[in-house]
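Trainee: I'd like to ask some things about the structure below.
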Amino acid sequence: MNLVTRDQKHLWHPLTQHKISPEALPIVKAKGSILYAEDGSEYIDGIASWYTAMYGHCNEYITGKVAAQMQNLDQVVFSGFTHEPAVKLSEELIKILPGNQQKLFFNDNGSTATEIGIKMALQYHHNQGNNRNVMLAFEEGFHGDTFGAMSVSGLSVYNGAFEEHFIEVLRIPVPLGENNEEVISGLKELISGNNIAGFIYEPLVQGAAAMKMHDAAGLNEILKICKEHDIVCVADEVMTGFGKTGKYFASDYMETKPDVMCLSKALTAGLLPMGLTTCSQKIYDAFYADDISKGLFHGHTYSANPPACTAAIAGIELLVSEEIQQQIKSVIKSHQAFDEKIKDHPKVTNRRQLGVIYAFDLNVKMERYGNLRNQLFKHFMDNGVFLRPLGNTIYILAPYTISQPELDKIYQVIEDLLDNRD
1 MNLVTRDQKH LWHPLTQHKI SPEALPIVKA KGSILYAEDG SEYIDGIASW YTAMYGHCNE
61 YITGKVAAQM QNLDQVVFSG FTHEPAVKLS EELIKILPGN QQKLFFNDNG STATEIGIKM
121 ALQYHHNQGN NRNVMLAFEE GFHGDTFGAM SVSGLSVYNG AFEEHFIEVL RIPVPLGENN
181 EEVISGLKEL ISGNNIAGFI YEPLVQGAAA MKMHDAAGLN EILKICKEHD IVCVADEVMT
241 GFGKTGKYFA SDYMETKPDV MCLSKALTAG LLPMGLTTCS QKIYDAFYAD DISKGLFHGH
301 TYSANPPACT AAIAGIELLV SEEIQQQIKS VIKSHQAFDE KIKDHPKVTN RRQLGVIYAF
361 DLNVKMERYG NLRNQLFKHF MDNGVFLRPL GNTIYILAPY TISQPELDKI YQVIEDLLDN
421 RD
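The following block contains the structure:
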């Protein structure tokens with residue numbers, strides 16, 4: 001039996017309605033920006049496999065470091081023990097995080113990173129005897145698939161069957177510049193009438209909402225007001241973190257820094273699953289007590305897994321290197337040139353870019369999931385490019401290490417779509 005037949009026998013894939021979805025494509029190898037299929041086909045990974053493999057697939061610097069670590073210490077419980085990879089990762093990550101971040105709490109993935117961020121916000125107030133049990137979030141935000149993360153997410157396609165079980169959440173629109181005054185006014189009204197514990201947000205780019213971007217000055221004002229009212233600010237940088245916005249973190253664009261940050265995806269460079277939730281000393285101090293019940297009693301079996309920590313350290317070493325920083329600048333310039341080329345195309349609207357994230361909307365109404373979206377996906381795959389449209393939004397978030405010919409091919413396949421699609 002081939003991989004497809006074996007896959008269909010037992011596997012249930014994410015974000016898939018199996019009755020109406022095509023069969024999964026078997027991938028047997030990945031290197032750099034290329035995915036290699038079982039039938040010999042090759043695909044340029046234009047979204048870095050959900051924004052993880054930012055230094056290229058199977059990067060030998062990272063795999064070499066992890067292979068060596070696996071021969072020395074594979075796994076140990078992180079409750080009551082510690083180890084060099086975890087300590088070293090904390091030291092290296094603190095160097096590039098916003099200056100107020102001081103403590104790291106390990107977990108397994110993006111959803112658990114935000115789940116813990118939400119718990120930190122709620123328990124921060126509970127530990128101080130404050131009656132605050134409401135979370136604030138942006139409209140159309142997405143923060144993961146566990147219950148707390150779903151609660152604060154605003155995309156109903158993910159949440160339908162579970163909404164009656166959610167924690168209480170209030171929502172505000174994202175600041176776009178022209179609506180900042182209205183958003184701030186609405187925020188102040190919500191704060192005055194509700195017991196808000198925390199504000200969770202994707203800074204500047206809402207990934208699952210189709211790479212919608214918002215105004216840094218407006219977000220900074222929201223954060224400033226939240227801090228004035230001791231509302232814990234939780235930055236979900238699972239997607240935006242580690243260089244994608246042109247800075248190490250999207251939070252670097254704002255003067256007002258988050259109290260808590262949620263990290264995953266590119267954290268371990270696409271090699272191993274891991275999440276981190278970081279926080280300021282002020283947040284940590286609210287849990288530091290003689291009363292054991294005031295501790296953050298949350299744990300994962302694979303917390304601070306040594307090989308995963310090693311992958312993260314290697315990824316940070318690459319991120320801060322001159323070579324990767326130059327490659328990021330090169331991708332940014334290439335996207336700007338492509339944008340200039342297609343900006344007047346009648347089928348292109350709402351063009352946007354931040355760092356290496358480039359997106360635009362097709363000038364046509366369509367469902368997030370449906371036949372037309374599937375036709376777009378098929379066009380890209382038939383032409384050797386893996387892009388994953390979000391409804392009528394086409395976006396590129398390729399590895400930093402992508403070559404210019406590979407990037408040019410992505411652009412050309414998009415242009416072919418624009419010129420040939422009815």
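Every letter in the sequence shown is one number past the one before it in UniProt numbering, and letter 141, counting from 1, is 141. Ideal Cβ positions, reconstructed from N, Cα and C, are used throughout, including at glycine.
Which first and last residues belong to the beta strand (DSSP E) in which E42 is found?
Mentor: E42 to D45
Trainee: Return the chain-ordered list of same chain residues with a C-beta closer than 8 Å to the C-beta of P399, the five sequence neighbours on each side being excluded.
Mentor: Answer for P399: G32, S33, D45, A48, A53, M54, Y55, G56 and H57, listed in chain order.
Trainee: What number of angstroms, rounded off, separates the C-alpha of Q17 from the C-alpha of I394?
Mentor: 22 Å
Trainee: Which residue's Cα is closest to the Cα of S192: E202, C226, M213 and Q128?
Mentor: The candidate whose alpha carbon is nearest that of S192 is C226.
Trainee: Over the uninterrupted beta strand (DSSP E) stretch that includes V169, give me the two end residues.
Mentor: V169 to I172
Trainee: Leaving out the 5 sequence neighbours to the left and right, which residues in its chain are closer than 7 Å to A216 when beta-carbon positions are compared?
Mentor: L204, Y253 and M254
Trainee: Who are the Cβ neighbours of V331 in its own chain at under 8 Å, not counting the five residues just before and after it?
Mentor: Excluding positions up to five away in sequence, the list reads V356, A398, Y400, I402 and L407.
Trainee: Look at G315 and A266 and say whether their C-beta atoms are less than 9 Å apart.
Mentor: yes
Trainee: Answer yes if the region 112 to 125 comes into contact with the region 264 to 282, meaning at least three C-beta pairs across the two stretches below 8 Å, and no otherwise.
Mentor: yes
Trainee: So I410 is in the alpha helix (DSSP H); what residue range does that whole segment cover?
Mentor: Its alpha helix (DSSP H) spans residues Q404 to N420.
Trainee: Should F297 go down as buried or exposed, given a rule of 16 or more other Cβ atoms within 10 Å for buried?
Mentor: The residue in question, F297, is exposed, as its Cβ has fewer than 16 Cβ neighbours within 10 Å.
Trainee: Keeping to the same chain, check which residues put their C-beta closer than 6 Å to that of D361; ignore five residues upstream and five downstream.
Mentor: T349, N350, N392 and T393
Trainee: Determine the contact status of I96 and V152, defining contact as a CB-CB distance below 9 Å.
Mentor: no
Trainee: When the Cα atoms are used, what is the spatial distance from C262 to F147?
Mentor: 16 Å
Trainee: In chain order, what residues of the same chain lie with their CB nearer than 7 Å to the CB of K294, ignoring the 5 residues before and after it?
Mentor: N127 and F287
Trainee: What is the DSSP secondary structure of D70, counted as helix, strand or coil?
Mentor: The amino acid occupying residue 70 in the given sequence is Met; Asp does not appear at that position. Reduced to three states, the DSSP call for M70 is helix.
Trainee: Between the Cα of K347 and those of N363, S334, A68 and K333, spot the shortest distance and give me the residue it belongs to.
Mentor: When each option's Cα is compared against that of K347, the closest is N363.
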